[in-house]
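According to this note's numbering, the residues represented by the first sequence are 22 to 597, in order. For every residue, glycine included, the Cβ atom is placed at its ideal position computed from N, Cα and C. Note that the coordinates shown come from a computational prediction; the quantities given were computed from them, not determined experimentally. Remarks on the structure that follows.
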Amino acid sequence: MRLSRYFIPTYKEVPADAEVVSHQLMLRAGLIRKLTSGIYTYLPAGLRAIRKVEQIIREEMNRAGAIEVLMPAVQPAELWRESGRWDYYGRELLRFKDRHNREACLGPTHEEVITDLVRREIHSYKQMPVNFYQIQTKFRDEIRPRFGVMRGREFIMKDAYSFDVDEDGAERSYKAMYEAYERIFQRCGLRFRAVEADTGTIGGSYSHEYMVLAETGEDEIVSCSACDYAANLEKAEIGDREAPASTDNAAEIFPLEEVETPDVKSVEEVTAFLSIPPETLVKTLIYRTDKEIVAALVRGDHELNEVKLKNALGAQTVELADSRLVEETTGAPMGFAGPMGLKVRILADRAVRGMRNFVTGGNRKDLHLKNVNLGRDFDVERFEDLRVVAPGDVCPRCGGPIRFGRGIEVGHIFKLGTKYSEALRALFLDRNGKEKPIVMGCYGIGVGRTVAAAIEQNHDEKGIIFPIPIAPFEATILPLQMNDARVMEAAETLYGGLMERGVDVLIDDRDERAGVKFNDADLTGIPLRVTVGRKGIEKGIVEIKLRRDTQSVEVPLQGAVDAVLERIKALYDSPA
RNA sequence: CGGGGCGUGGCGCAGUCUGGUAGCGCACCUGCUUUGGGAGCAGGGUGUCGGAGGUUCAAAUCCUCUCGCCCCGACCA
22 MRLSRYFIPT YKEVPADAEV VSHQLMLRAG LIRKLTSGIY TYLPAGLRAI RKVEQIIREE
82 MNRAGAIEVL MPAVQPAELW RESGRWDYYG RELLRFKDRH NREACLGPTH EEVITDLVRR
142 EIHSYKQMPV NFYQIQTKFR DEIRPRFGVM RGREFIMKDA YSFDVDEDGA ERSYKAMYEA
202 YERIFQRCGL RFRAVEADTG TIGGSYSHEY MVLAETGEDE IVSCSACDYA ANLEKAEIGD
262 REAPASTDNA AEIFPLEEVE TPDVKSVEEV TAFLSIPPET LVKTLIYRTD KEIVAALVRG
322 DHELNEVKLK NALGAQTVEL ADSRLVEETT GAPMGFAGPM GLKVRILADR AVRGMRNFVT
382 GGNRKDLHLK NVNLGRDFDV ERFEDLRVVA PGDVCPRCGG PIRFGRGIEV GHIFKLGTKY
442 SEALRALFLD RNGKEKPIVM GCYGIGVGRT VAAAIEQNHD EKGIIFPIPI APFEATILPL
502 QMNDARVMEA AETLYGGLME RGVDVLIDDR DERAGVKFND ADLTGIPLRV TVGRKGIEKG
562 IVEIKLRRDT QSVEVPLQGA VDAVLERIKA LYDSPA
């Protein structure tokens with residue numbers, strides 16, 4: 022490609038409304054332009070990167086036995102009503118009516134459509150296992166789009182759906198995808214980790230997220246330094262070997278005691294006021310779910326995990342009560358809630374089980390209670406793992422030390438079970454002629470987000486450093502003196518030679534000064550640069566520099582094509 | 001949806017408080033010089049000041065409404 026006839030509009034300055042590096046660099050390097058909030062155009066170079074990621078995905082999906090299809094972006098409301106998600110998906114689902122007043126939506130995901138297809142076409146165990154995938158534009162009307170294409174509203178996604186006759190088959194399909202995903206992200210040159218995750222609105226029983234490790238990631242992840250356990254913070258379990266409660270189990274149980282605590286509300290205030298450590302206090306949190314009001318108890322120094330609470334209750338939504346509801350439920354203003362005398366369901370975190378003589382709110386303004394005890398003073402419905410993992414906790418699998426980090430979710434795989442096949446009646450006849458629901462799995466990859474994540478992970482102060490497998494171009498040639506016939510001839514010969522050998526090469530044939538070319542080449546992140554200058558040509562050499570290295574090397578003009586090919590190959594062998 | 005901020009040339013911004021000729025840097029166009037890390041000089045073009053209404057002799061500036069964008073929070077495969 023000749024840059025003079027191509028289109029890579031770069032910015033010198035950092036766009037004011039771009040927060041994270043990948044967003045800034047994608048704008049500055051001329052990969053994307055914004056149309057409106059959360060909606061972007063991919064410019065030629067950005068599209069090339071997207072296409073490279075897509076191609077890697079296709080190759081690996083095909084290798085894993087998945088079959089490519091393309092489903093519609095517009096989907097009828099009736100399908101979503103059948104699955105029950107028309108009401109549950111929320112305002113993220115962009116709905117509209119067509120000219121006949123029929124309700125429809127823009128597909129944020131395609132479980133309904135694929136299940137509809139499969140229920141019409143697949144009726145026998147002999148037709149399974151099967152896995153369909155597509156690479157397609159999705160729309161989710163995010164409350165707050167941000168970080169460029171990382172959290173856009175319209176975005177390109179690869180989604181795959183597997184169909185099996187039983188759990189064992191579904192397990193095999195899941196494993197195949199797990200392995201395909203490992204290969205895909207490895208080939209993209211990313212440092213990533215598969216973590217256990219919550220299933221969210223997609224539903225289902227089991228899932229992993231593929232997290233690209235980056236400090237700017239939106240998700241917090243926990244991983245074990247001793248074994249391979251890793252999980253999203255919202256999913257991360259607390260080990261059974263809970264740290265022993267600070268209060269001794271065998272300790273004597275003291276008589277209940279009331280303490281006036283005027284205007285003392287938060288855990289910090291109460292512990293300071295009573296001069297007690299926070300782990301001797303029990304927090305009572307009032308929650309409103311889609312069905313009822315509940316109370317959740319956690320130790321004073323612990324934080325409640327709403328996802329765990331939601332799952333423990335089997336609720337669709339959980340929402341912390343506002344001051345009015347707290348008052349209605351406890352009879353006291355916010356800050357004085359306690360479990361004694363509450364008329365609602367009470368769940369407690371497992372860490373509360375071993376506690377004795379603890380402090381709680383008194384359900385009356387300015388009152389707290391000391392020496393509260395389970396059994397004597399109140400009962401809980403059950404103990405569950407309800408809290409957020411904290412520093413000092415150990416791995417739930419092996420007891421080893423855990424680490425915290427951040428990641429960008431680029432892929433997510435789910436075991437769906439029969440949730441959709443039952444709702445939409447996707448049934449088949451098994452070997453014995455018995456009708457059963459198909460067992461499903463679904464598997465997503467954010468294509469644009471993968472490119473953004475790669476940039477987030479691979480850049481320096483000058484710009485992007487693309488891993489070669491997803492770079493818009495593999496190599497760029499910079500002729501420095503456009504008016505020097507020998508320089509131009511050498512550059513053109515090299516360009517032709519590389520094109521002939523199938524290299525994605527860009528020649529910067531713009532009539533620009535050397536500095537401009539160097540800076541644009543650095544900014545756009547092309548992994549390999551060949552500089553052709555007058556000084557070098559007089560010596561019969563050109564310079565090769567890898568974007569990720571600081572030093573360039575001189576190679577004879579004669580063998581330059583082979584020298585470039587050799588280095589490109591080496592880059593593919595170690596893309597990260 | 002709650003809180004905060006911002007809309008002035010392609011980009012980044014000043015000017016708004018205190019109404020009076022719309023400015024700066026970069027980019028762009030022409031010419032000359034320059035030419036290995038974002039050149040210099042000279043000349044030039046570029047704006048419905050986000051939009052609508054109002055106040056006023058006069059509005060980028062004051063008032064009302066409205067649209068858009070960004071940040072924080074809640075939310076979220």
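DSSP places arginine 54 in the strand class (E or B) of the three-state scheme. Burial state of methionine 520 is exposed, judged by a 10 Å Cβ sphere holding fewer than 16 other Cβ atoms. The beta carbon of glycine 561 is closer than 8 Å to those of Pro577, Leu578, Gln579 in its chain, skipping five residues each way along the sequence.
Classified as buried, phenylalanine 160 has 16 or more neighbouring CB atoms from the shown chains inside 10 Å of its CB.
Methionine 198: member of the alpha helix (DSSP H) spanning 188-208, first to last residue. DSSP places aspartate 180 inside the beta strand (DSSP E), whose first and last residues are 175-185. Using a Cβ distance threshold of 8 Å, glutamine 96 and glutamate 133 count as a contacting pair. Between valine 170 and arginine 470, the C-beta spacing is below 8 Å. Leaving aside the five residues that flank alanine 535 on each side, the residues in its chain whose CB is nearer than 7 Å to its CB run, in chain order, Leu501.
Assignment of beta-bridge partners to phenylalanine 379 by DSSP yields Val393. When the Cα atoms are used, proline 596 and methionine 376 turn out to be separated by approximately 52 Å. Around glutamate 456, the same chain offers Leu448, Phe449, Leu450 as residues with beta carbons nearer than 8 Å, after the five sequence neighbours per side are excluded.
With contacts defined as CB atoms closer than 8 Å, leucine 64 and leucine 52 qualify as a contacting pair. Classified as exposed, aspartate 108 has fewer than 16 neighbouring CB atoms from the shown chains inside 10 Å of its CB. The way I'd put it, the segment 421-440 doesn't touch the segment 384-401; fewer than three beta-carbon pairs between them come closer than 8 Å. Exclusion of the five residues before and after valine 315 leaves Tyr308, Val365, Arg366 as the residues of its chain whose Cβ lies within less than 6 Å of its Cβ.
In this structure, the CA atom of leucine 515 is about 29 Å from the CA atom of isoleucine 476. For valine 243, the secondary structure class from DSSP, reduced to helix, strand or coil, is strand. Less than 8 Å divides the Cβ of cysteine 416 from the Cβ of alanine 247. In this structure, the straight-line span from the alpha carbon of serine 104 to that of histidine 44 is close to 36 Å.
For valine 468, the enclosing alpha helix (DSSP H) starts and ends at 468-478.
By the C-beta density criterion, asparagine 453 is exposed, having fewer than 16 other C-beta atoms within 10 angstroms. Between the alpha carbons of arginine 106 and leucine 138 lies a gap of roughly 18 Å. Proximity of the segment 488-503 to the segment 546-557 meets the contact definition, three or more beta-carbon pairs being nearer than 8 Å.
One thing to note: valine 526 has its Cβ no nearer than 8 Å to the Cβ of isoleucine 558. Annotation for glycine 238: Arg427, Gly428, Ile429 place their beta carbon closer than 6 Å to its own, counting only its chain and skipping 5 residues before and after. Restricting attention to alpha helix (DSSP H) runs no shorter than 4 residues, the segment 291-359 encloses them at 327-334, 344-351, ordered along the chain. About 16 Å separates the Cβ atoms of valine 319 and histidine 389, ruling out a contact at the 8 Å cut-off. In the three-state reduction of the DSSP assignment, valine 151 falls in the strand class. In terms of Cα proximity to glutamate 255, the closest of Glu327, Glu575, Ala369 is Glu327.
In the DSSP assignment, asparagine 253 forms a beta bridge with Ile242. Closest in alpha carbon position to arginine 193, among Ala87, Arg212, Val585, Ile205, is Ala87. It is roughly 47 Å from the alpha-carbon of lysine 331 to the alpha-carbon of phenylalanine 494. C-alpha of aspartate 532 to C-alpha of methionine 503: approximately 6 Å in a straight line.
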